[in-house]
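Colleague: Below: one structure in structure tokens.
Spelled out as structure tokens, the structure:
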């Protein structure tokens, strides 16, 4: 989802984000209501057909989403083999594989803003308790934006520490990372203000407001 | 060239030119650290550079100009609007480009991030799409419309940050060290972009070459304007001062 959208003009791309998310949710519920392997396998074939034929997504793009979880699927199958049996294991694995692929199809064919808009729509009832749905959407979008950025910053800190002989001390990444995150959060809050994210007047900053600030 | 701060401006706000920024006797501090001391000046020029050593107060000064920082004492007026009480209107007039574009880009993909500012301004979706298309082409980012922002190069990210401000159609843009994190090629590219902007600009920078054609340069030192004049007057003085 962080960088999975693949632009296209297929019917799946053009379908509304709400419809796709609803179908994904229905598929998830449906798959856990059935336990017949042929039904679950059929669902997998349908999802693959929608992704490869309907959305014209390249096979490697879908495989890239399965690759990180295949080891867990294999482990799940082994556990079932030992505890319940091969058929139950196959159903469990096919079920999860189908859902992973279906989620990959949705994220590869839907812009983040469209997905966020659905979340905002779903969050509308929260207005009753003072929550602004647009804020919820912004938080989700920023989370997706900053996860890879924070991973990059953490990698830089690890490199800097490794260069100074601290290769094995992984926990020591945390302190400089937290400091970097706080500094970034401060600048980000300024950027959000500068780009009009908040239409309320700023509060005056008092001389004793604290040490954080630009030179 | 002026070697000390100007006297406090006294003209009423209503008489300011359309694009004037007026800083009246501004002092600001973070905790016990005073970063600006009794700064008073009026900016009417199209291109103003701000230079000074680290910790001299120039970045805080830049943030005063669009209300990101409200002075502890004194007043900042943009076209007669007080940044203390009219921050929203001021920010519509004065865009801000940060040193680190990664902290300014808030949406995962390029086109989505460009649409963020005008959406906040309540611009119609069709007009937003037109503006986004325009800046994507103008800055050579049209091939990256749906690309994740974190995969862009440093120069592309800075161009995206600038484009994200331009789509909001400000009258003046403040840049806080826009080329500090860039290599030579991207520094030149961003410098050309700044040179070609129609908007009035205030640029905080350590890149003295960028200021050659500017109308005015302010040199900050210990939270005060130590020198104020043309680039030909101020830059050599600053270089000599830095040793």
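Residue numbers (UniProt numbering), protein chains in the order written: chain A, 1 to 215; chain B, 1 to 243. Glycine included, every Cβ here is placed at the ideal spot set by N, Cα and C. Predicted model only: the values in this text are computed from it and were never measured.
1. State yes or no: is the beta carbon of residue 103 of chain B nearer than 7 Å to at least one beta carbon in chain A?
2. In terms of DSSP beta bridges, what is residue 30 of chain B paired with?
3. Taking 8 Å as the limit between beta carbons, can you name the residues of its chain near residue 10 of chain A, skipping five residues before and five after?
4. Where does residue 38 of chain B fall in DSSP's three states?
5. Note down, in chain order, all residues in the region 155–182 of chain B with a beta-carbon under 8 Å from any beta-carbon belonging to chain A.
6. Assign residue 228 of chain B to one of two classes, buried (16 or more other C-beta atoms within 10 Å of its C-beta) or exposed (fewer than that).
7. Examine chain A for any beta-carbon lying closer than 7 Å to the beta-carbon of residue 61 of chain B, and answer yes or no.
8. Here's a check: name, in chain order, each residue in its chain whose Cβ is nearer than 6 Å to the Cβ of residue 17 of chain A, leaving out the five neighbours to either side.
9. Please classify residue 95 of chain A as buried or exposed, where buried requires at least 16 other C-beta atoms within 10 Å of its C-beta.
10. Measuring alpha carbon to alpha carbon, tell me which residue in A/176, A/148, A/190 is nearest residue 69 of chain B.
11. With DSSP as the reference, please indicate the residues paired to residue 224 of chain B in a beta bridge.
12. Can you tell me the Cα-Cα spacing of residue 82 of chain A and residue 172 of chain A, whole angstroms?
13. Between the C-alpha atoms of residue 202 of chain B and residue 50 of chain B, what's the straight-line distance to the nearest angstrom?
14. I'd like to know whether the C-beta atoms of residue 46 of chain B and residue 209 of chain B end up nearer to each other than 7 Å.
15. Quick check: the Cα distance between residue 26 of chain B and residue 221 of chain B, rounded to an integer number of angstroms?
16. Would you report the Cα separation of residue 134 of chain A and residue 164 of chain A, rounded to the nearest angstrom?
17. Given that a residue counts as buried once 16 or more other Cβ atoms are within 10 Å of its Cβ, and exposed if not, what is residue 33 of chain A?
18. Leaving out five residues before and five after residue 142 of chain B in sequence, what residues of the same chain have Cβ atoms less than 7 Å from its Cβ?
19. Across the region 154–173 of chain B and the region 99–106 of chain B, are there enough close Cβ pairs to call them in contact, namely three or more that are closer than 8 Å?
20. So residue 145 of chain A and residue 115 of chain B are supposed to be a Cβ contact under 8 Å. How far apart are they, rounded?
21. Would you call residue 6 of chain B buried or exposed, if buried means 16 or more other Cβ atoms sit within 10 Å of its Cβ?
22. Please report how far the alpha carbon of residue 238 of chain B lies from the alpha carbon of residue 38 of chain B, in whole angstroms.
23. Are the CB atoms of residue 76 of chain A and residue 91 of chain A nearer to each other than 7 Å?
24. Output, in sequence order along the chain, the residues in the region 146–157 of chain A whose CB is closer than 8 Å to any CB in chain B.
25. Excluding the five sequence neighbours on either side, which residues of its own chain have a C-beta within less than 8 Å of the C-beta of residue 126 of chain A, listed in chain order?
26. Note down, in chain order, all residues in the region 199–229 of chain B with a beta-carbon under 7 Å from any beta-carbon belonging to chain A.
27. Can you name the residues that DSSP bridges to residue 43 of chain B?
28. Roughly how many angstroms lie between the CA atoms of residue 40 of chain A and residue 97 of chain A, to the nearest whole one?
29. Please specify which runs of the alpha helix (DSSP H), each continuous and at least 4 residues long, are wholly inside the region 109–134 of chain A, giving them in chain order.
30. If you compare alpha carbons, which of A/185, A/157, A/59, A/89 is closest to residue 72 of chain A?
31. Measure the alpha-carbon distance for residue 243 of chain B versus residue 106 of chain A and round it to whole angstroms.
32. Does the region 23–30 of chain A come into contact with the region 60–71 of chain A, if we say contact requires no fewer than three beta-carbon pairs (one atom in each stretch) closer than 8 Å?
33. Measure the C-alpha to C-alpha separation of residue 178 of chain B and residue 53 of chain B and round it to an integer number of angstroms.
34. So, at 6 Å on beta carbons, what are the nonlocal neighbours of residue 87 of chain B in its own chain, with the 5 sequence-adjacent residues on each side left out?
35. What would DSSP say about residue 27 of chain A, mapped onto helix, strand or coil?
36. What is the rounded straight-line gap between the Cα of residue 192 of chain A and the Cα of residue 198 of chain A?
Modeller: Concretely, from the data shown:
1. Within the second chain, residue 103 of chain B is the residue found at index 103, counting from 1. Judged by the 7 Å Cβ criterion, residue 103 of chain B is in contact with chain A.
2. Working through the second chain from its first residue, we reach residue 30 of chain B at position 30. Residue 30 of chain B pairs with B/33.
3. Looking up residue 10 of chain A in the first chain gives position 10. Closer than 8 Å at the Cβ level, and outside the excluded window around residue 10 of chain A, lie 54, 55, 56, 109.
4. Mapped onto the second chain, residue 38 of chain B falls at position 38. DSSP places residue 38 of chain B in strand when its eight states are reduced to three.
5. 164, 165, 168, 176
6. Taking the first residue of the second chain as 1, we reach residue 228 of chain B at position 228. Residue 228 of chain B is buried by the Cβ-count criterion.
7. In the second chain, the residue the question calls residue 61 of chain B occupies position 61. No, its Cβ sits nowhere closer than 7 Å to a Cβ of chain A.
8. Indexing the first chain from 1 puts residue 17 of chain A at position 17. Result list for residue 17 of chain A: 110, 114, 115, 118, in chain order.
9. Taking the first chain and counting its residues from 1, one reaches residue 95 of chain A at position 95. Buried.
10. Counting from 1 along the second chain, the entry for residue 69 of chain B is found at position 69. Nearest C-alpha to residue 69 of chain B: A/190.
11. Position 224 of the second chain, counted from the start, is the residue given in the question as residue 224 of chain B. Beta-bridge pairing links residue 224 of chain B to B/221.
12. Your numbering for residue 82 of chain A matches position 82 in the first chain. Your numbering for residue 172 of chain A matches position 172 in the first chain. Rounded to the nearest angstrom, the two C-alpha atoms are 40 Å apart.
13. As a working note, residue 202 of chain B is residue 202 in the second chain. As a working note, residue 50 of chain B is residue 50 in the second chain. Roughly 7 Å between the two C-alpha positions.
14. Residue mapping note: residue 46 of chain B aligns to position 46 of the second chain, counting from 1. Residue mapping note: residue 209 of chain B aligns to position 209 of the second chain, counting from 1. Not a contact, by the Cβ cut-off of 7 Å.
15. For this step, residue 26 of chain B is matched to residue 26 along the second chain. For this step, residue 221 of chain B is matched to residue 221 along the second chain. Their backbone Cα atoms lie some 15 Å apart in a straight line.
16. Taking the first chain and counting its residues from 1, the one referred to as residue 134 of chain A is at position 134. Taking the first chain and counting its residues from 1, the one referred to as residue 164 of chain A is at position 164. Answer to the nearest angstrom: the Cα atoms are 44 Å apart.
17. The count along the first chain starts at 1 and reaches residue 33 of chain A at position 33. Classification for residue 33 of chain A: exposed.
18. Sequence index remark: in the second chain, residue 142 of chain B carries index 142 (1-based). Closer than 7 Å at Cβ, skipping near neighbours: 136.
19. yes
20. Here residue 145 of chain A refers to the residue found at position 145 when the first chain is read from its first residue. Here residue 115 of chain B refers to the residue found at position 115 when the second chain is read from its first residue. Not confirmed; about 14 Å, so no contact.
21. Counting from one through the second chain, the residue named residue 6 of chain B turns up at place 6. Since pLDDT at residue 6 of chain B reaches only 39, below the 50 mark, its modelled position is unreliable, and no value is offered.
22. Here residue 238 of chain B is taken as the residue at index 238 of the second chain, counted from 1. Here residue 38 of chain B is taken as the residue at index 38 of the second chain, counted from 1. For residue 238 of chain B and residue 38 of chain B, the distance between alpha carbons rounds to 21 Å.
23. Locating residue 76 of chain A in the first chain gives position 76, where the first residue counts as 1. Locating residue 91 of chain A in the first chain gives position 91, where the first residue counts as 1. In this structure, residue 91 of chain A does not lie closer than 7 Å to residue 76 of chain A by Cβ.
24. 148, 149, 152
25. Start at 1 with the first residue of the first chain, and residue 126 of chain A comes out as number 126. Result list for residue 126 of chain A: 133, 136, in chain order.
26. none
27. Residue mapping note: residue 43 of chain B aligns to position 43 of the second chain, counting from 1. Per DSSP, B/21.
28. Taking the first residue of the first chain as position 1, residue 40 of chain A is located at position 40. Taking the first residue of the first chain as position 1, residue 97 of chain A is located at position 97. Whole-angstrom Cα-Cα distance: 10 Å.
29. 112–122
30. Locating residue 72 of chain A in the first chain gives position 72, counting from the first residue. Closest by alpha carbon: A/89.
31. The residue given as residue 243 of chain B occupies position 243 in the second chain. The residue given as residue 106 of chain A occupies position 106 in the first chain. Distance between the alpha carbons of residue 243 of chain B and residue 106 of chain A is about 60 Å.
32. no
33. One-based indexing of the second chain puts residue 178 of chain B at position 178. One-based indexing of the second chain puts residue 53 of chain B at position 53. Rounded to whole angstroms, residue 178 of chain B to residue 53 of chain B spans 16 Å at the Cα level.
34. Counted from its first residue, the second chain places residue 87 of chain B at position 87. For residue 87 of chain B, where only same-chain residues beyond five positions count, the Cβ hits under 6 Å are 67.
35. The residue labelled residue 27 of chain A in the question sits at position 27 within the first chain. The answer is helix: DSSP assigns residue 27 of chain A an H, G or I state.
36. For the purposes of this step, residue 192 of chain A is taken as residue 192 along the first chain, with counting starting at 1. For the purposes of this step, residue 198 of chain A is taken as residue 198 along the first chain, with counting starting at 1. Distance between the alpha carbons of residue 192 of chain A and residue 198 of chain A is about 7 Å.
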